[in-house]
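See structure below.
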Amino acid sequence: MDIGWPEILIIAAVILVLFGSKKLPDAARSLGKSMRILKTEVKGMHDDDAAPKPEQPAALPPAGTGVDVGTGSPTGVEHQEPR
């Protein structure tokens, strides 16, 4: 099933009649933006697959262990300044 120039012209004329000449540039612009976004997203997915995975940071102590992450001292014990 080959589509020749006459068929393409008929399809273009039908689209022009259905949507009007004022809406076609906006529709083409929206389609172009959508295609660019899709292209960048697909490229980003390929880049994510090719990039090496970063090392995981050191594990924090489990929640509720009673250790203050910032000072390393047990929680609930107030820090007292030396006298």
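Start counting the sequence shown at 68; every next residue gets the next number (my numbering). Beta carbons: idealized from backbone N, C-alpha and C, even for Gly.
If you measure from the beta carbon of residue i to each beta carbon in chain D, is any gap under 8 Å?
i	result
residue 71	In summary, chain D is missing from the structure at hand, where a single protein chain is found.
How big is the Cα-Cα spacing for residue i and residue j?
i	j	result
residue 70	residue 84	20 Å
residue 74	residue 89	23 Å
residue 110	residue 101	14 Å
residue 77	residue 115	44 Å
residue 104	residue 96	12 Å
residue 72	residue 113	37 Å
residue 82	residue 107	29 Å
Compute the distance between the beta-carbons of residue i and residue j, then report whether it is under 8 Å.
i	j	result
residue 86	residue 94	yes
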